[in-house]
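Trainee:
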Amino acid sequence: MYSGITATSYSVSFASASITIQKQGGSETMPVALTLSDTSVTGVATKDIYVGGTLTVGPNQAEGQYEGSYTVNVTY
0 MYSGITATSY SVSFASASIT IQKQGGSETM PVALTLSDTS VTGVATKDIY VGGTLTVGPN
60 QAEGQYEGSY TVNVTY
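Residue numbers (numbering that gives the first Met the number 0): 0 to 75.
Okay, structure coming up:
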């Protein structure tokens, strides 16, 4: 959740709209296309912003636990 000054404008973006996650203990990867619930908001002091995405699983993808990270930028 973002909290700021009422009646200000802000924008939300990713450093990159896609990331690659990697299998723990392995070299297998999967791409993730990231999405945001809002990218520009005006006039509210508190707003929930949700991060979602689309995971692309290959036909012979190795099962296991995959991990990665992303950066969200808020400018106001």
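Built from N, CA and C at the ideal position, the CB exists for glycine as well. The structure displayed is predicted, hence computed values, not measured ones.
(1) Is Ser36 closer than 7 Å to Ser10 when the C-beta atoms are compared?
(2) Look at Met29 and Ile18 and say whether their C-beta atoms are less than 7 Å apart.
(3) Does Ser10 come out as helix, strand or coil in the three-state DSSP assignment?
(4) Assuming the contact rule is C-beta atoms closer than 8 Å, Leu33 and Gly52 should be a hit. Round their C-beta distance to whole Å, please.
(5) Enumerate in chain order the residues of its own chain whose CB-to-CB distance from Thr55 is below 7 Å, with the five nearest sequence positions on each side excluded.
Mentor: According to the structure data:
(1) no
(2) no
(3) strand
(4) 5 Å
(5) Met29, Pro30
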